[in-house]
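Residue numbers (this note's numbering): 187 to 320. Where a beta carbon is used, it is the ideal one built from N, C-alpha and C, also for glycine. Values in this document were obtained by computation on a predicted structure and should not be read as measured data.
Printed below as a string of structure tokens:
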């Protein structure tokens, strides 16, 4: 994959299809993880998959569909009602990094995305492993 002048990060990593694959692989892991799956109130993970895909596409320079349909991302605010523990963060990261492994992106792009996921996941922790708010 070679970057063309003026291409966004989103385009450089393969655009929509890359994010479809990433998020689908991530949610396959979530579906098998009883502890993490319990955080998703919807029986069908499909809507959550669409929301995360739209968010990530927008964050990495793709279409602004997420903001048009859902408003400003406000990542921390959207998760404030959930006690996000270090264990849940670690489980989330395990599934996201496994999904990243399936993409086989160029090293610099892979590293940039992994860095973002680590920072975002750490930022969302708002409770200890017993669920007590920090």
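Within its own chain, the residues whose Cβ lies closer than 8 angstroms to the Cβ of residue 194, once the five positions on either side in sequence are excluded, are 246, 247 and 248, listed in chain order. Distance between residue 205 and residue 238, taken at the CA atoms: about 9 angstroms. Given a length threshold of 4 residues, each whole run of the alpha helix (DSSP H) inside the region 262 to 296 is given here in chain order: 272 to 287. Excluding the 5 residues flanking it on each side, residue 268 has same chain C-beta neighbours closer than 7 angstroms at 225, in chain order. Within the region 226 to 260, complete alpha helix (DSSP H) segments of at least 4 residues are found at 232 to 245 and 251 to 256, given in chain order.
Within the DSSP bridge table, the entry for residue 307 names no partner.
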